[in-house]
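Engineer: Position 127 of the sequence shown, counting from 1, maps to 667 under this note's numbering, and the rest follow consecutively. Cβ coordinates follow ideal geometry from the N, Cα and C atoms, glycine included. The structure presented is a predicted model; accordingly, all values stated were derived computationally and were not measured.
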Amino acid sequence: MPGMSGSSTSAAPAATFNDADVMFLQMMYPHHAQAVEMAKLVPTRSQNQQVKDLAAAIEKAQAPEMQQMTTLLAGFGKPAPSATMSHSMPGLMTPQQMTELTGLSGAAFDKMWLQMMVEHHQGAITMANDELKNGTNADAKKMAESIVTTQQAEITTMNGMLAKM
Numbered sequence: 541m542p543g544m545s546g547s548s549t550s551a552a553p554a555a556t557f558n559d560a561d562v563m564f565l566q567m568m569y570p571h572h573a574q575a576v577e578m579a580k581l582v583p584t585r586s587q588n589q590q591v592k593d594l595a596a597a598i599e600k601a602q603a604p605e606m607q608q609m610t611t612l613l614a615g616f617g618k619p620a621p622s623a624t625m626s627h628s629m630p631g632l633m634t635p636q637q638m639t640e641l642t643g644l645s646g647a648a649f650d651k652m653w654l655q656m657m658v659e660h661h662q663g664a665i666t667m668a669n670d671e672l673k674n675g676t677n678a679d680a681k682k683m684a685e686s687i688v689t690t691q692q693a694e695i696t697t698m699n700g701m702l703a704k705m
């Protein structure tokens with residue numbers, strides 16, 4: 541690259557990224573962690589196979605994305621995100637909401653879980669759209685596109701399930 545000296549280390553150059561990419565990855569990680577936490581509540585509280593299948597799909601999709609987020613951040617030379625959540629993030633559930641959800645089972649659990657997950661996904665889509673608008677890293681933007689597509693489809697499914705309750 542012009543202006544770069546040949547005295548750099550043998551490590552690969554850091555990927556092109558900006559603050560929006562870093563913020564997206566560092567905020568989406570705890571957001572995904574909460575979705576996985578919510579998904580893990582389903583098998584012991586729900587009797588609805590559709591809800592169980594959806595929760596399994598959410599966990600299966602988001603756990604690997606969390607690993608990809610830490611890998612990208614490491615490539616940027618940025619610290620790994622914490623699973624600790626700032627409840628000011630779009631769509632993040634409060635500790636009180638999580639406690640209430642944990643105390644439910646059956647149809648009441650299913651309804652609250654679906655309502656919370658719709659809100660949670662809407663928050664993720666907002667954050668992903670911010671990344672698509674402001675980010676520069678191709679991998680982070682590709683992840684954001686995937687989040688928008690997948691989670692919008694899941695919202696449609698969940699709203700359909702809620703309409704039948």
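Locate the alpha helix (DSSP H) running through Ala-647, then write down its first and last residues.
Structural biologist: That run of the alpha helix (DSSP H) goes 646-674.
Engineer: With a threshold of 8 Å, are at least 3 pairs of Cβ atoms found where one atom belongs to the stretch 643-651 and the other to the stretch 675-686?
Structural biologist: Because the criterion of three Cβ pairs below 8 Å is not met, the stretch 643-651 and the stretch 675-686 do not touch.
Engineer: Can you name, in chain order, every residue of its own chain whose Cβ lies under 6 Å from the Cβ of Ile-687, other than the five neighbours on each side?
Structural biologist: Here the set comprises Ala-664 and Ala-668.
Engineer: If distances are taken between C-alpha atoms only, which option among Asn-674, Ala-560, Glu-605 and Met-578 comes closest to Met-657?
Structural biologist: With distances taken between Cα atoms, Met-657 lies closest to Met-578.
Engineer: Would you give the residue range spanned by the alpha helix (DSSP H) that Thr-689 belongs to?
Structural biologist: Thr-689 -> alpha helix (DSSP H) spans 678-703.
Engineer: Is the separation between the beta-carbon of Thr-634 and that of Ala-620 shorter than 8 Å?
Structural biologist: No, these two residues do not count as a Cβ contact at 8 Å.
Engineer: According to DSSP, simplified to helix, strand and coil, what is Lys-600?
Structural biologist: Three-state result, Lys-600: helix.
Engineer: CA-CA distance, Thr-556 and Ala-614?
Structural biologist: C-alpha separation (whole angstroms): 13 Å.
Engineer: When the Cα atoms are used, what is the spatial distance from Pro-583 to Gly-675?
Structural biologist: Roughly 37 Å separates the two Cα atoms.
Engineer: Quick one: using the 10 Å Cβ neighbour count with 16 as the cut-off for buried, is Ser-547 buried or exposed?
Structural biologist: The pLDDT assigned to Ser-547 is 37, lower than 50, so where the model puts this residue is not dependable, and the model offers no usable value.
Engineer: Is Met-784 buried or exposed, if buried means 16 or more other CB atoms sit within 10 Å of its CB?
Structural biologist: Because the chain here runs from 541 to 705, residue 784 falls outside it and cannot be looked at.
Engineer: Identify which residue in Pro-604, Gln-602 and Gln-589 has its Cα closest to the Cα of Gly-646.
Structural biologist: The residue with the shortest Cα to Cα distance from Gly-646 is Gln-589.
Engineer: Can you tell me whether DSSP reads Thr-639 as helix, strand or coil?
Structural biologist: Reduced to three states, the DSSP call for Thr-639 is helix.
Engineer: What did DSSP end up calling Lys-618 once you bin it into helix, strand or coil?
Structural biologist: Three-state DSSP puts Lys-618 in coil, outside helix and strand.
Engineer: Got a sec? Which residues, its chain only, sit under 7 Å from Pro-630 by beta carbon, not counting five neighbours each side?
Structural biologist: So the qualifying residues of the chain are Gly-663, Thr-666 and Met-667.
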